[in-house]
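Enquirer: One structure coming up, written as structure tokens, with questions to follow.
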């Protein structure tokens, strides 16, 4: 990543992509989903490689991955090395304490591919006590369903903390027994509302917990942080704003120290792109639920600025393809970030 032009040297691309149940071939990931054949796996690998190669990203956050081997194959096909992959909860390494080498279990994992040196890796597994709430008919929500991944990297000598998350979906959460059998009538509209309320409460607890973890890392520090991933709700939603608290800055400038900012809204160029962007089509309507937020250190007008978001791009043409041709069902969002010399 060397460049003779110093003004261009300290810049990088960072992207996020939901890979739609990316798993090794011939392995069951959900009981009701058939395993990929070798042919289907290779087709999916080639298709995702094609889409992500257009982003030319140096850091890629991914969601819905079941096997580290599959993600490493993707990384290599994009010009990375296997050791650039971090995805502990989908590991195929037999010594991994989380998976014993069997990959992700019950639910897919999030991961990060980074060309930059890895300084620190951790998972946000437990909901921070202050964010624990009772889910209707379930009880205290104390653990993330899909733990966010924290990776601290060295980008041209500047440490940057990257957090990727995949929050609880809007899909209704119906009660089931230990064998997975439904305990509720999914067709009853009154029960369906209560099931959607459970999902909202879970997503809110996860968002609040991430927020509290972010505050711990940002408060009274000058080290930048980037939060990105599949947030399963739009930027202005209550749960997303719970994580970022961007709006609070309008009333209290000191909040800049711990707030996060939508990269699409603070980019130096192509600001109109945010008005035509979408990363997912939900019930026929396009929306942005895959997002990228940055800390104050990437605000160009901050006295603590270490760089800026040059531009944000959305790669979503594949969402217009026939469903059978789509290897992923989310758009890819990418930001170009330039560090000051």
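In this note's numbering, the protein residues as written are 191 to 531. Glycine is no exception: its CB is placed at the ideal position from the N, C-alpha and C atoms.
1) Between the C-alpha atoms of residue 223 and residue 521, what's the straight-line distance to the nearest angstrom?
2) Once the 5 residues before and after residue 284 are set aside, which same chain residues still bring their CB inside 8 angstroms of it?
3) Quick one: grab the DSSP three-state call for residue 517.
4) Taking the Cβ atom as the reference point for each residue, do residue 257 and residue 301 lie within a distance shorter than 8 angstroms?
5) Let me check one thing: in DSSP terms, what residues is residue 201 bridge-paired to?
6) Taking a contact to mean a Cβ-Cβ separation below 8 angstroms, would you say residue 249 touches residue 202 in this structure?
7) In terms of residues, what are the limits of the beta strand (DSSP E) holding residue 318?
8) Going by Cα to Cα distance, which pick from 401, 392, 297 and 433 is closest to residue 590?
9) Cutting at 7 angstroms between CB atoms, please list the residues of its own chain near residue 245, excluding the five before and the five after it.
10) Is the beta carbon of residue 420 less than 8 angstroms from the beta carbon of residue 479?
11) Would you call the segment 307-322 in contact with the segment 365-384, where contact means no fewer than 3 C-beta pairs closer than 8 angstroms?
12) If you reduce the DSSP assignment to three classes, tell me which class residue 379 lands in.
13) Quick check on residue 367: does DSSP put it in helix, strand or coil?
14) Using the Cα positions of residue 455 and residue 340, report the straight-line distance between them to the nearest angstrom.
15) Give a yes or no on whether the C-beta atoms belonging to residue 234 and residue 226 are separated by under 8 angstroms.
16) Give the straight-line distance between the Cα atoms of residue 237 and residue 243, rounded to the nearest whole angstrom.
17) Scan the segment 377-414 and note each continuous beta strand (DSSP E) run of 3 residues or more that stays entirely inside, going in chain order.
18) Give every residue of the same chain whose Cβ lies closer than 6 angstroms to the Cβ of residue 397, excluding the five residues on either side of it in the sequence, and list them in chain order.
19) Which runs of the beta strand (DSSP E) spanning at least 3 residues fall entirely within the segment 258-340, listed in chain order?
20) How about the segment 314-321 and the segment 384-399: do they share at least three Cβ pairs that are nearer than 8 angstroms?
21) Starting from the C-beta of residue 413, find all residues in its chain whose C-beta is less than 7 angstroms away, skip the five residues before and the five after it, and write them out in chain order.
22) Quick one: what does DSSP say residue 195 is sitting in, helix, strand or coil?
23) On the criterion of 16 or more Cβ atoms from any shown chain inside 10 Å, does residue 392 qualify as buried, or is it exposed?
24) I need the boundaries of the alpha helix (DSSP H) containing residue 231, first residue and last residue.
25) So, residue 147 versus residue 388, is the Cβ gap smaller than 8 angstroms?
26) Which same chain residues end up closer than 6 angstroms to residue 259 when comparing Cβ atoms and leaving out the 5 residues on each side of it in sequence?
27) With which residues is residue 246 paired in a DSSP beta bridge?
28) Quick check on the DSSP output: the alpha helix (DSSP H) that includes residue 455 runs from which residue to which?
29) Exposed or buried, which one is residue 446 when buried takes at least 16 other CB atoms within 10 Å?
30) Tell me the rounded alpha-carbon separation between residue 199 and residue 253.
31) Taking only the alpha-carbon atoms, compute the straight-line gap between residue 418 and residue 228 and give it to the nearest angstrom.
32) Alpha carbons only, please: which of 528, 358 and 509 is nearest the one belonging to residue 496?
33) Taking all protein chains shown into account, do 16 or more other C-beta atoms lie within 10 angstroms of the C-beta of residue 458, making it buried, or fewer, making it exposed?
34) For residue 420, which of helix, strand or coil comes out of DSSP?
35) By Cβ distance below 6 angstroms, which residues in the same chain neighbour residue 357 in space, the five residues on each side in sequence not counted?
Expert: In brief:
1) Linking residue 223 to residue 521 through their CA atoms gives a straight-line distance of about 23 angstroms.
2) Beyond the five residues adjoining it in sequence on each side, residue 284 comes within less than 8 angstroms, by CB distance, of 290 and 291 in the same chain, given in chain order.
3) Coil, per DSSP.
4) Annotated as distal: residue 257 and residue 301, with beta-carbon spacing of 8 angstroms or more.
5) The partner list for residue 201 (beta bridge, DSSP) reads 528.
6) Taking 8 angstroms as the Cβ cut-off, residue 249 and residue 202 qualify as a contacting pair.
7) Segment: none, residue 318 is in no beta strand (DSSP E) and carries neither H nor E.
8) Outside the shown range of the chain (191 to 531) lies residue 590, about which nothing can therefore be said.
9) Excluding residues up to 5 positions away in sequence, 203, 205, 505, 522 and 524 lie with their Cβ nearer than 7 angstroms to the Cβ of residue 245 in the same chain.
10) Cβ distance < 8 angstroms, so residue 420 and residue 479 count as in contact.
11) Short answer: they don't touch.
12) Three-state DSSP puts residue 379 in a helix.
13) Of the three classes helix, strand and coil, the one that applies to residue 367 here is coil, per DSSP.
14) Using only the alpha carbons, I get a separation of about 24 angstroms.
15) For residue 234 and residue 226, yes; Cβs fall inside 8 angstroms.
16) So the two alpha carbons sit approximately 10 angstroms from each other.
17) Listed in chain order, there is nothing to give.
18) Around residue 397: 429, 432 and 433.
19) The segment 258-340 contains these whole beta strand (DSSP E) runs: 299-304 and 307-313.
20) When Cβ pairs closer than 8 angstroms are counted between the two stretches, the segment 314-321 is seen to touch the segment 384-399, the count reaching three or more.
21) These residues qualify, in order along the chain: 349 and 351.
22) At residue 195, the pLDDT of 44 sits below 50, so the modelled position is not reliable and the matter cannot be decided from this model.
23) With 16 or more Cβ atoms within 10 Å of its Cβ, residue 392 is classed as buried.
24) For residue 231, the uninterrupted alpha helix (DSSP H) run begins and ends at 228-243, by DSSP.
25) Here the chain covers residues 191 to 531 and nothing more, so residue 147 does not appear.
26) Within the same chain, residue 259 has close Cβ partners 214 and 282.
27) In the DSSP output, where bridge partners are listed per residue, residue 246 has none listed.
28) First-last of the alpha helix (DSSP H) with residue 455: 453-456.
29) Result: buried.
30) For residue 199 and residue 253, the distance between alpha carbons rounds to 29 angstroms.
31) One C-alpha to the other measures close to 31 angstroms.
32) For residue 496, the closest C-alpha among the options 528, 358 and 509 is that of 528.
33) Its Cβ having fewer than 16 others within 10 Å, residue 458 is exposed.
34) It is a strand residue.
35) Closer than 6 angstroms at the Cβ level, and outside the excluded window around residue 357, lie 393, 396, 421 and 422.
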